[in-house]
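Quick notes on the structure that follows.
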Amino acid sequence: MVTLTIDGRKVQAEEGTTILEAARENNIYIPSLCHHEEVMPYGACRLCLVEVAWNGRQRLVASCLYEVAEGLKIRTNSERIANNRKMIMELLLARCPNNKAIQDLARQLGVKETSFKLEDNQCMLCALCVRVCQEVVGVSAISLVNRGVDREMATPFYEPSDVCIGCGSCAYVCPVEAIKFEDIGDTRYIYWPNNSMEFKLKKCKTCGNYWIPERQLEYIIKETKLPLSAFDNCPDCRD
Amino acid sequence: MAKRKTNRINSPQELEAIRESIIKSRDPSQTCIVVCGGTGCLALGAQDVIAGFRRKIQEGGLEKKLALRITGCPGFCEKGPLVVIKPENILYQQVRGEDVAEIVSETVKGNIVDRLLYTDPDTGKKITYESEVPFYKKQKRLLLGDNSNIDPTEIRDYLALGGYAALSKALFKMSPEKIIKEVKKSGLRGRGGGGFPAGVKWESCRRAEGDTKYVICNAEEGDPGAFVDRNLLEGNPHSVLEGMIIGAYAIGAHQGYVYIRNEYRLALEHLTQAIKQAEEYGFLGENILGSGFDFTVKISRGGGAYVCGESTALMASLEGKVGEPRAKYIHTVERGLWEQPTNLNNVETWANIPLIINSGANWYSTIGSEGSKGTKIFSLSGKINNTGLVEVPMGITLREIIYDIGGGIPEDRKFKAAQTGGPGGGCIPESLLNLPVDFDELTKVGSVMGSGSMIVMDETTCMVDMARYFINFLERESCGKCIPCREGLKRMSQILTDITEGKGKDGDIGLLERLSAALIDSSLCALGSTAPNPVLTTIRYFRDEYEAHIRDRRCPAGVCKLDAVIRK
């Protein structure tokens with residue numbers, strides 16, 4: 001364990017954890033959009049910037065990536081930090097002016113309007129969906145395509161993916177609800193910002209509800225080696 | 001059975017013996033026609049000249065009288081194709097295929113072809129010898145000076161000039177610690193742009209925990225207007241390899257990589273050949289020179305992404321991943337390529353190492369300025385008379401580079417600014433012409449050393465348009481991972497484009513400054529955090545030009561087309 005100071009408060013944290021994790025553990029709020037505890041830190045949204053005292057100067061670091069160390073002195077808010085966060089939110093607000101989650105976070109961080117020309121996106125490219133699909137689900141059905149300003153989230157060649165299992169983790173993890181999914185009858189629809197896919201659902205033997213995409217079930221059976229019969233019933237109808 | 005015929009050198013003694021035999025086999029008084037086969041001269045038609053010389057020498061049966069050597073770039077690209085007659089060092093400039101016959105016939109007679117000599121623009125007099133040309137006079141060509149004596153595809157040329165003596169010294173007379181101490185003492189700072197002390201980096205990497213360590217040579221030179229590393233690899237690839245082997249030995253690495261732009265065809269070709277020859281002679285591979293030290297070098301070709309010049313993006317790309325940077329809170333010397341301690345230096349940094357080992361840190365540190373030791377190569381381009389590659393001691397003034405070496409501005413127009421350090425650098429105005437050029441002084445005025453590109457601008461350059469060009473370049477080259485860089489550069493580019501099209505608004509300058517502050521503070525890597533430099537320096541030194549565009553809808557340099565808006 002190491003002891004560090006966050007906003008004047010002495011807190012303890014395991015070695016190897018990040019400032020963001022240590023802060024959240026201690027109920028100290030640091031805004032962030034691209035962080036999720038289930039995937040590797042990424043450092044793309046830059047909202048979690050904090051100040052670390054370093055060689056007599058205040059150095060700005062991404063708290064989702066910076067590991068704690070004994071005696072570290074951290075400020076999670078200052079005029080400089082606030083200005084940076086505001087500019088990032090202005091940029092995001094211009095990119096996704098109609099996104100509720102971004103509007104809310106912008107307001108919370110003190111940004112009422114943006115100085116830039118408005119675009120009309122929902123996705124702000126935090127890549128959480130892509131990382132969850134790769135690191136947690138393990139199929140890498142979606143990825144980021146193109147570089148820089150042309151960057152987008154999509155399936156390869158914008159075509160229906162033959163490896164996507166329709167699990168919907170991408171939609172679940174999206175912090176700004178840019179990916180949506182819905183189950184209608186025996187079909188699941190996943191809507192990504194640039195394309196969409198449909199998946200056939202399996203029926204529960206007992207209640208008759210459609211409960212899981214067939215592709216997802218195939219994937220689970222392949223990974224767990226359980227018999228298909230183990231999934232005859234939906235979780236609600238199991239003993 | 002084939003006869004045992006191997007060039008492999010197994011000891012320092014064998015190296016010196018081979019060196020001596022190479023030198024003995026050559027007649028220093030033999031006339032040698034040296035043709036620059038560097039990219040610049042090739043573009044200007046050197047291929048014709050080379051073919052012409054080959055043919056003429058063969059037709060005339062002059063092989064014994066005239067040697068022919070195709071070399072890397074001696075630097076004076078403006079006047080290419082360049083031909084130098086050795087050993088006198090007579091310089092012929094702008095040589096065409098049709099000049100070859102005369103050069104051959106006159107050289108055989110011991111005469112000089114006056115009409116092909118360089119004319120001093122100040123005195124109007126012809127200058128015969130290379131060293132007397134003003135372009136070369138103020139240079140200190142420690143790295144480039146040997147270029148005209150080396151056929152880069154021929155390791156024996158490098159050996160004849162003392163090549164790999166530094167490696168031999170390092171392996172047999174110095175401990176790794178002693179080498180690191182020497183490099184630290186020399187004051188050598190990284191030539192890739194950051195200027196971090198090379199010896200300190202080596203020491204950290206040597207001390208880092210890990211059995212497997214790597215060294216990397218960064219040859220992903222992507223800055224517009226930069227051709228320093230390109231020419232070093234084209235002209236003297238063994239000097240870079242020698243530096244890498246010494247570094248690997250000092251650090252404790254057995255595998256090295258050169259990450260090089262695939263666009264650098266000639267550099268790639270020469271480097272590939274140099275690695276092959278170095279392996280053949282036992283400078284690379286197992287048990288180098290019989291020392292017991294093993295080291296191999298592989299080439300990895302970049303796919304054209306500027307951001308892959310950033311060290312962590314480069315390493316990701318080398319690993320076969322998408323070339324995107326990561327945070328460097330844990331330094332790459334601790335956890336770099338494949339999570340192992342990795343020491344990355346730029347081409348020019350590596351090329352300096354043999355010099356330091358051969359002649360010592362004491363000698364090296366006498367060259368340059370207080371905080372920046374040695375020489376620096378600049379690629380001089382833009383509105384300048386002598387476009388080319390110049391090597392100068394650190395601390396030389398900008399004025400000396402631009403006027404004494406560069407020959408000033410064409411058509412006697414007025415110098416306006418010099419952009420150093422590529423797109424992430426800044427522009428330096430006329431009022432700072434007496435600035436000593438080194439790492440710290442450039443940073444003080446808002447620019448950076450960067451890779452050594454120096455783009456000169458005159459009164460016909462619009463500074464807002466210049467900033468727009470660089471921001472547009474960076475916007476295109478941003479990897480797009482972090483929000484401030486991707487979205488911020490897009491907005492900067494839009495604002496600057498608007499200003500140059502007469503659609504600028506009051507408050508645009510302030511907004512650019514606010515955006516700049518956020519990019520500097522919050523970008524993930526140096527591409528984003530240095531990107532505002534061209535904007536901030538042009539605002540700092542040429543604010544009136546911005547204001548003229550925005551308020552008066554006028555481009556003082558007459559570059560931007562704003563009149564359509566005025567008519568409305």
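Sequences listed follow chains A and B, in order.
According to the working numbering, the residues represented by the first sequence are 1 to 239, in order.
According to the working numbering, the residues represented by the second sequence are 1 to 568, in order.
Glycine residues also receive a C-beta, built at the ideal position from the N, C-alpha and C atoms.
Computed from a predicted structure; not experimentally measured.
**Message:** With DSSP as the reference, identify every bridge partner of residue 430 of chain B, one or two as the case may be.
**Reply:** Reading the second sequence from its first residue, position 430 is the one you call residue 430 of chain B. The bridge partners DSSP lists for residue 430 of chain B come to none.
**Message:** Within 8 Å of any Cβ in chain B, is that where the Cβ of residue 44 of chain A sits?
**Reply:** Position 44 of the first sequence, counted from the first residue, corresponds to residue 44 of chain A. Yes, contact with chain B.
**Asked** For residue 95 of chain B, which three-state DSSP category applies?
**Response** In the second sequence, counting from the first residue as 1, residue 95 of chain B sits at position 95. When secondary structure is reduced to three states using DSSP, residue 95 of chain B falls in the coil class, being assigned neither helix nor strand.
**Request:** Give the C-beta separation of residue 173 of chain A and residue 36 of chain A to the nearest angstrom, bearing in mind that I take them to be a contact with Cβ-Cβ under 8 Å.
**Result:** Here the question's residue 173 of chain A lines up with position 173 in the first sequence. Here the question's residue 36 of chain A lines up with position 36 in the first sequence. About 6 Å; that satisfies the 8 Å criterion.
**Request:** Can you say whether residue 208 of chain A is buried or exposed, counting buried as having 16 or more other CB atoms within 10 angstroms of its CB?
**Result:** Along the first sequence, one-based indexing puts residue 208 of chain A at 208. Answer is exposed; the Cβ neighbour count stays below 16.
**Asked** Quick one, which residues of the region 135 to 157 of chain A are near chain B if we go by CB-CB under 7 Å, in chain order?
**Response** The region 135 to 157 of chain A vs chain B, Cβ under 7 Å: 147, 148, 149 and 151.
**Request:** Return the chain-ordered list of same chain residues with a C-beta closer than 6 Å to the C-beta of residue 179 of chain B, the five sequence neighbours on each side being excluded.
**Result:** Along the second sequence, read from residue 1 onward, the residue named residue 179 of chain B stands at position 179. The residues are 170 and 250.
**Prompt:** By Cβ distance, which residues of its chain are closer than 6 Å to residue 235 of chain B, with the 5 residues on each side in sequence left out?
**Reply:** Within the second sequence, numbered from 1, the residue matching residue 235 of chain B stands at position 235. Cβ within range, chain order: 72, 73, 147 and 152.
**Prompt:** How would you write the range of the beta strand (DSSP E) that residue 189 of chain A sits in, first residue to last?
**Reply:** Within the first sequence, numbered from 1, the residue matching residue 189 of chain A stands at position 189. Where residue 189 of chain A is concerned, the enclosing beta strand (DSSP E) stretches over 187 to 191.
**Span separating the alpha-carbon of residue 458 of chain B from that of residue 178 of chain A** = The residue labelled residue 458 of chain B in the question sits at position 458 within the second sequence. The residue labelled residue 178 of chain A in the question sits at position 178 within the first sequence. Per the coordinates, the alpha-carbon of residue 458 of chain B lies some 49 Å from the alpha-carbon of residue 178 of chain A.
**Request:** Could you please give the first and the last residue of the uninterrupted alpha helix (DSSP H) stretch that includes residue 106 of chain B?
**Result:** Counting from one through the second sequence, the residue named residue 106 of chain B turns up at place 106. First-last of the alpha helix (DSSP H) with residue 106 of chain B: 100 to 109.
**N- and C-terminal bounds of the alpha helix (DSSP H) containing residue 545 of chain B** = Sequence index remark: in the second sequence, residue 545 of chain B carries index 545 (1-based). Residue 545 of chain B -> alpha helix (DSSP H) spans 533 to 551.
**Prompt:** Which residues, in order along the region 49 to 62 of chain A, keep a beta-carbon less than 7 Å from a beta-carbon of chain B?
**Reply:** 49, 60, 61 and 62
**Prompt:** Using 8 Å as the limit for Cβ to Cβ distance, is residue 88 of chain A near chain B?
**Reply:** Looking up residue 88 of chain A in the first sequence gives position 88. Judged by the 8 Å Cβ criterion, residue 88 of chain A is in contact with chain B.
**Request:** Examine chain A for any beta-carbon lying closer than 8 Å to the beta-carbon of residue 482 of chain B, and answer yes or no.
**Result:** Along the second sequence, one-based indexing puts residue 482 of chain B at 482. Yes, its Cβ sits closer than 8 Å to a Cβ of chain A.
**Asked** What residue does the alpha helix (DSSP H) around residue 340 of chain B start on, and which one ends it?
**Response** As a working note, residue 340 of chain B is residue 340 in the second sequence. No alpha helix (DSSP H) holds residue 340 of chain B; DSSP gives it neither H nor E.
**Asked** So which residues of chain A does residue 329 of chain B contact, with C-beta pairs closer than 9 Å?
**Response** Here residue 329 of chain B corresponds to residue number 329 of the second sequence, with the count starting at 1. Here the neighbours are 61, 62, 65, 66 and 67.
**Asked** What does residue 515 of chain B touch in chain A if you count any residue whose Cβ is under 8 Å from its own?
**Response** Taking the second sequence and counting its residues from 1, one reaches residue 515 of chain B at position 515. Under the 8 Å cutoff, chain A gives 87.
**Asked** Taking C-beta to C-beta, are residue 141 of chain A and residue 110 of chain A nearer than 8 Å?
**Response** As a position in the first sequence, residue 141 of chain A is number 141, starting the count at 1. As a position in the first sequence, residue 110 of chain A is number 110, starting the count at 1. Contact flag unset, no.
**Asked** If residue 93 of chain A sits next to residue 102 of chain A, beta carbons under 8 Å apart, how far is it from one beta carbon to the other, in whole angstroms?
**Response** What you label residue 93 of chain A is simply residue 93 of the first sequence in a count that begins at 1. What you label residue 102 of chain A is simply residue 102 of the first sequence in a count that begins at 1. Distance from residue 93 of chain A to residue 102 of chain A at the Cβ level is roughly 6 Å; contact confirmed, criterion being Cβ atoms closer than 8 Å.
**Prompt:** On the three-pair Cβ rule with 8 Å, is the region 359 to 378 of chain B touching the region 32 to 52 of chain B?
**Reply:** no
**Message:** Which residue marks the beginning of the alpha helix (DSSP H) containing residue 70 of chain B, and which one marks its end?
**Reply:** As a first step, residue 70 of chain B is located in the second sequence; it is residue number 70 there, counting from the start. First-last for residue 70 of chain B: 66 to 71, but that is the beta strand (DSSP E), not the alpha helix (DSSP H).
**Asked** Can you find a CB in chain A that lies within less than 8 Å of the CB of residue 490 of chain B?
**Response** Within the second sequence, the letter at position 490 stands for residue 490 of chain B. Cβ-Cβ to chain A under 8 Å: yes for residue 490 of chain B.
**Message:** Along the region 88 to 106 of chain A, where does the CB come closer than 7 Å to a CB of chain B? Name the residues.
**Reply:** 88, 91, 92 and 95
**Prompt:** So, is residue 122 of chain A buried or exposed, given that buried needs 16 or more other C-beta atoms within 10 angstroms?
**Reply:** Indexing the first sequence from 1 puts residue 122 of chain A at position 122. Burial call: buried.
**Asked** Which word fits residue 454 of chain B, buried or exposed, when buried means at least 16 other C-beta atoms lie within 10 angstroms of its C-beta?
**Response** Counting from 1 along the second sequence, the entry for residue 454 of chain B is found at position 454. It counts as buried.
**Message:** Which of the three DSSP states is assigned to residue 507 of chain B in this structure?
**Reply:** For the purposes of this step, residue 507 of chain B is taken as the residue at position 507 of the second sequence. Three-state DSSP puts residue 507 of chain B in coil, outside helix and strand.
**residue 619 of chain B, buried or exposed, once every other Cβ within 10 Å from all chains shown has been counted against 16** = The shown model of chain B, from 1 to 568, leaves out residue 619 of chain B, and the question about it has no answer.
**Residues that residue 80 of chain A contacts on chain B, provided the C-beta gap is smaller than 8 Å** = Against the first sequence, residue 80 of chain A aligns to sequence position 80. Here the neighbours are 521.
**Message:** Against residue 124 of chain A, what residues of chain B qualify as contacts under a CB-to-CB distance less than 9 Å, listed in chain order?
**Reply:** Here the question's residue 124 of chain A lines up with position 124 in the first sequence. The contact set of residue 124 of chain A on chain B, defined by CB atoms closer than 9 Å, consists of 483 and 487 in chain order.
**Message:** Assuming residue 9 of chain B and residue 289 of chain B are in contact, meaning their beta carbons sit under 8 Å apart, how far apart are those beta carbons, in whole angstroms?
**Reply:** Looking up residue 9 of chain B in the second sequence gives position 9. Looking up residue 289 of chain B in the second sequence gives position 289. Indeed they touch by this definition, with Cβ atoms about 6 Å apart.
**Request:** Please classify residue 461 of chain B: does DSSP put it in a helix, a strand, or coil?
**Result:** As a working mapping, residue 461 of chain B is identified with position 461 in the second sequence. Correct three-state label for residue 461 of chain B: coil.
**Request:** With distances taken Cα to Cα, identify the nearest neighbour of residue 63 of chain A among B:351, B:473 and B:329.
**Result:** On the first sequence, residue 63 of chain A is found 63 positions in, with the first residue counted as 1. The shortest Cα separation from residue 63 of chain A among B:351, B:473 and B:329 belongs to B:329.
**Distance, residue 489 of chain B Cα to residue 471 of chain B Cα** = Within the second sequence, numbered from 1, the residue matching residue 471 of chain B stands at position 471. Within the second sequence, numbered from 1, the residue matching residue 489 of chain B stands at position 489. Rounded to whole angstroms, residue 471 of chain B to residue 489 of chain B spans 7 Å at the Cα level.
**Item:** beta strand (DSSP E) segment containing residue 141 of chain B, residue limits
**Value:** As a position in the second sequence, residue 141 of chain B is number 141, starting the count at 1. Residue 141 of chain B -> no beta strand (DSSP E), and no H or E assigned at all.
**Asked** Can you tell me the Cα-Cα spacing of residue 386 of chain B and residue 176 of chain B, whole angstroms?
**Response** Taking the first residue of the second sequence as position 1, residue 386 of chain B is located at position 386. Taking the first residue of the second sequence as position 1, residue 176 of chain B is located at position 176. Each residue's alpha carbon lies about 42 Å from the other.
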